[in-house]
Amino acid sequence: MASVRNVLVLAVLCILAGVNSQATDEEVPINADELENIIDEAEVKNSDLTWVECDPSVVPRKSCYDCNTRIICKNIGGLLLECPKNFVPYCNGGKCVSEPSAECA
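Here the sequence shown stands for residues -21 to -1, 1 to 84, numbered as in mature numbering (1 follows the signal peptide of the UniProt record, and there is no 0).
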């Protein structure tokens, strides 16, 4: 009788441990757009802000200001962000990339 009780207690503990691990280790899926927005927010907080005029109704709201700087057009103006020189130094299509665009090559 004691062995049946021990097996039941062990089974309950295993179930509780499994439920607890799923609740604490569950990862929230993130897509590329969400990741880029997080990076943009971090750059805004950690950069010397340079603002220029832009039209926030134009889509896409991210574009290249020059070969090494992108512009993110917000309702209050266009935020200029330099591309990181060591990793993705060129702006192409509003994103920092490793290869220059045809106009910047």
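Backbone N, C-alpha and C define an ideal beta-carbon position, used for all residues, glycine too.
Which residues in the same chain have their Cβ closer than 7 Å to the Cβ of residue i, if we skip the five residues on either side of it in sequence?
{"i": "residue -14", "result": "Residue placement at residue -14 cannot be trusted, given a pLDDT of 49 that sits under 50; what the coordinates show is reported in the next sentence. Hits under 7 Å: none found."}
Alpha carbons only, please: which of the options is nearest the one belonging to residue i?
{"i": "residue 36", "options": "47, 55 and 44", "result": "55"}
{"i": "residue 51", "options": "68, 65, 63 and 30", "result": "30"}
{"i": "residue 76", "options": "38, 53, 13 and 42", "result": "42"}
{"i": "residue 68", "options": "38, 84 and 58", "result": "84"}
{"i": "residue 66", "options": "40, 78 and 38", "result": "78"}
Could you tell me how far apart the beta carbons of residue i and residue j are, in whole angstroms, since I believe they sit closer than 8 Å?
{"i": "residue 33", "j": "residue 47", "result": "Contact flag wrong, Cβ pair sits at about 18 Å."}
Which residues does DSSP list as the beta-bridge partners of residue i?
{"i": "residue 71", "result": "74"}
{"i": "residue 55", "result": "For residue 55, which the question treats as bridged, DSSP gives no partner whatsoever."}
Span of the beta strand (DSSP E) holding residue i?
{"i": "residue 42", "result": "41 to 45"}
Using a Cβ-Cβ cutoff of less than 6 Å, which residues in the same chain neighbour residue i once the five nearest sequence positions on both sides are dropped?
{"i": "residue 64", "result": "none"}
Near residue i, which residues of its chain fall below 8 Å by C-beta distance, leaving aside the five closest residues on each side in sequence?
{"i": "residue 80", "result": "43, 46, 69, 70, 71 and 72"}
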